[in-house]
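*Asks:* Chains as they are written, first to last, in the numbering used here: chain Z, 76 to 245; chain A, 1129 to 1307.
In this text, a Cβ means the ideal position worked out from N, Cα and C, and glycines have one as well.
If you're wondering where the values come from, they're calculated on a predicted model, not measured in any experiment.
#1: Counting only C-beta atoms, is residue 98 of chain Z closer than 8 angstroms to chain A at any point?
#2: Pull the bridge partners of residue 123 of chain Z from the DSSP assignment, please.
#3: Could you say if the region 1227-1243 of chain A and the region 1290-1305 of chain A meet the contact criterion of at least three C-beta pairs nearer than 8 angstroms?
#4: Secondary structure at residue 1248 of chain A, three-state DSSP: helix, strand or coil?
#5: Please look up how many angstroms separate the CB atoms of residue 1240 of chain A and residue 1267 of chain A, rounded, as I've assumed it's under 8 angstroms.
#6: Kindly list, in the order they appear in chain D, the residues whose Cβ is closer than 7 angstroms to that of residue 209 of chain Z.
#7: Give the interface partners of residue 127 of chain Z over in chain A, defined as CB-CB distance under 8 angstroms, in chain order.
#8: Pull up the CB-CB distance for residue 187 of chain Z and residue 200 of chain Z, whole angstroms please, since I reckon it's below 8 angstroms.
#9: Label residue 1255 of chain A either buried or exposed according to how many other C-beta atoms from any shown protein chain fall within 10 Å of its C-beta, with 16 as the threshold for buried.
#10: Please name the residue, chosen from Z:113, Z:119, Z:124 and Z:133, that lies closest to residue 98 of chain Z on a Cα-to-Cα basis.
#11: Counting only beta-carbon atoms, is residue 1143 of chain A nearer than 8 angstroms to chain Z?
#12: In three-state terms, what does DSSP make of residue 1188 of chain A?
#13: Out of curiosity, what's the CA-to-CA distance linking residue 95 of chain Z and residue 1156 of chain A?
#14: What residue range is occupied by the uninterrupted alpha helix (DSSP H) comprising residue 149 of chain Z?
#15: Which of the three DSSP states, helix, strand or coil, is assigned to residue 1178 of chain A?
#16: Is there a Cβ of chain Z sitting closer than 8 angstroms to that of residue 1147 of chain A, yes or no?
#17: Which of the three DSSP states is assigned to residue 1291 of chain A in this structure?
#18: Quick one: give me the first and last residue of the beta strand (DSSP E) that residue 1140 of chain A is part of.
#19: Tell me, please, whether the region 131-145 of chain Z touches the region 169-178 of chain Z by the rule of three or more beta-carbon pairs shorter than 8 angstroms.
#20: Given residue 141 of chain Z, which residues of its chain have a CB within under 6 angstroms of its CB, disregarding the five upstream and five downstream residues?
#21: With DSSP as the reference, label residue 1222 of chain A as helix, strand or coil.
#22: When the cut-off is 8 angstroms and only beta carbons count, does residue 232 of chain Z lie next to chain A?
#23: Which residues mark the beginning and the end of the beta strand (DSSP E) in which residue 1296 of chain A is found?
#24: What residue does the beta strand (DSSP E) around residue 1241 of chain A start on, and which one ends it?
#25: In or out: residue 103 of chain Z buried (at least 16 other Cβ within 10 Å) or exposed?
#26: Determine whether the Cβ of residue 152 of chain Z lies closer than 8 angstroms to any Cβ atom of chain A.
#27: Does DSSP classify residue 1216 of chain A as helix, strand or coil?
#28: Quick check: is the beta carbon of residue 1269 of chain A nearer than 8 angstroms to any beta carbon in chain Z?
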């Protein structure tokens, strides 16, 4: 008896064949991670919820376009990177945050704002990089050359460091 | 410059502490579309999704609200508000007044009403009832026994959706074209 859980790609094949239960399994498997990505990308809970809904709507709607030669996670994040809209103003209170005793009292707000002040494309590629994707894969997701992806990551990190440096100076 | 040059575990750990709350328990519902009737019930995966994608945030926007008799003398006036949503290219789009739609598109409805309401449409062929709406608890997606109610445009021309709740009436017009 094979009791291993089906792979994401196998679940997508099942969904393409009409097994709607596979859709639910994929959601349960991925929604928390994607929501974590989306709330940092969009800056607010409500915007992230909208983007999450749109992401899964597109997963279903475009299920037949998924190619099993591709990793499901890469396909899913590519959808999530472009779904919905970023919040106009970030809402730090949207995030769950466990302060540590060594934290600056405004650290959470600074982190959220540091992300939000990035160019939206820079923010997307940086967050995808933080999720563990390599620059060539990110390039495929956002239609960019890997070198451009790396340039954006470096620029984003430098800008964040400058922002957080101001926190230390303050 | 390689990916390794760009790694910064300290920064990543810091931003990793920005946690998201739990996401909704279930994905958007899947319902197979059945576009056999001019107005349709229980239709479409998209239907369930559309109204949810529009999201709570938009519901907090100032409402375009019709007020009935009673407002002038300071009494609490019944309020009604109607929103139309259509799916285009996989995205939910809220329709503005006089927005252009295409024949074949399906609209769904979100209603706020302080009393029971009735939704109808006046199109080129006349007036047609769509659904009765109980939105007494605030905001409701218009649905019937089989699920959400959608209305498919099958002829060009102006279509005015009319929501009547007590003495209040709210109208929303879209212009339907053939392309």
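*Replies:* Taking the definition as stated:
#1: Counted from its first residue, the first chain places residue 98 of chain Z at position 23. Yes, residue 98 of chain Z counts as interfacial toward chain A.
#2: As a first step, residue 123 of chain Z must be located in the first chain, where it is residue number 48. Answer by DSSP bridge pairing: none, since residue 123 of chain Z is not bridged.
#3: yes
#4: Mapped onto the second chain, residue 1248 of chain A falls at position 120. Strand at residue 1248 of chain A.
#5: Locating residue 1240 of chain A in the second chain gives position 112, where the first residue counts as 1. Locating residue 1267 of chain A in the second chain gives position 139, where the first residue counts as 1. About 5 angstroms; that satisfies the 8 angstroms criterion.
#6: Included in the structure are the protein chains Z and A, with no chain D among them.
#7: Here residue 127 of chain Z is taken as the residue at index 52 of the first chain, counted from 1. Per Cβ cutoff of 8 angstroms: 1151 and 1152.
#8: Position 112 of the first chain, counted from the start, is the residue given in the question as residue 187 of chain Z. Position 125 of the first chain, counted from the start, is the residue given in the question as residue 200 of chain Z. That pair is no contact at about 18 angstroms.
#9: For this step, residue 1255 of chain A is matched to residue 127 along the second chain. Flag for residue 1255 of chain A reads exposed.
#10: Start at 1 with the first residue of the first chain, and residue 98 of chain Z comes out as number 23. The shortest C-alpha separation from residue 98 of chain Z is found at Z:133.
#11: Start at 1 with the first residue of the second chain, and residue 1143 of chain A comes out as number 15. It does: the Cβ of residue 1143 of chain A has a partner Cβ on chain Z nearer than 8 angstroms.
#12: For this step, residue 1188 of chain A is matched to residue 60 along the second chain. For residue 1188 of chain A, the predicted structure reports a pLDDT of 36, less than 50, and the residue's modelled location is therefore unreliable. A value from the coordinates is still provided. Three-state result, residue 1188 of chain A: coil.
#13: Within the first chain, numbered from 1, the residue matching residue 95 of chain Z stands at position 20. Within the second chain, numbered from 1, the residue matching residue 1156 of chain A stands at position 28. Rounded to whole angstroms, residue 95 of chain Z to residue 1156 of chain A spans 12 angstroms at the Cα level.
#14: As a position in the first chain, residue 149 of chain Z is number 74, starting the count at 1. Its alpha helix (DSSP H) spans residues 147-157.
#15: One-based indexing of the second chain puts residue 1178 of chain A at position 50. Low confidence applies here, because residue 1178 of chain A scores a pLDDT of 47, under 50, leaving its location unreliable; read the following figure in that light. Helix, per DSSP.
#16: Here residue 1147 of chain A corresponds to residue number 19 of the second chain, with the count starting at 1. At least one chain Z Cβ lies under 8 angstroms of residue 1147 of chain A.
#17: By 1-based counting over the second chain, the position of residue 1291 of chain A is 163. If DSSP states are grouped into helix, strand and coil, residue 1291 of chain A belongs with the strands.
#18: Locating residue 1140 of chain A in the second chain gives position 12, counting from the first residue. That residue, residue 1140 of chain A, is in no beta strand (DSSP E); its alpha helix (DSSP H) goes 1137-1144.
#19: no
#20: Taking the first residue of the first chain as 1, we reach residue 141 of chain Z at position 66. So the list reads 87 and 150, once near-sequence residues are dropped.
#21: To locate residue 1222 of chain A, count along the second chain from 1; it is residue 94. Three-state result, residue 1222 of chain A: strand.
#22: Position 157 of the first chain, counted from the start, is the residue given in the question as residue 232 of chain Z. Closer than 8 angstroms: yes.
#23: Your numbering for residue 1296 of chain A matches position 168 in the second chain. Element bounds for residue 1296 of chain A: 1296-1305.
#24: What you label residue 1241 of chain A is simply residue 113 of the second chain in a count that begins at 1. Counting along the chain, the beta strand (DSSP E) containing residue 1241 of chain A begins and ends at 1234-1241.
#25: In the first chain, the residue the question calls residue 103 of chain Z occupies position 28. Counting Cβ neighbours within 10 Å, residue 103 of chain Z comes out exposed, since fewer than 16 surround it.
#26: By 1-based counting over the first chain, the position of residue 152 of chain Z is 77. It does not; no Cβ of chain A falls within 8 angstroms.
#27: Sequence index remark: in the second chain, residue 1216 of chain A carries index 88 (1-based). If DSSP states are grouped into helix, strand and coil, residue 1216 of chain A belongs with the strands.
#28: Translated into the one-based positions of the second chain, residue 1269 of chain A becomes position 141. So, not an interface residue.
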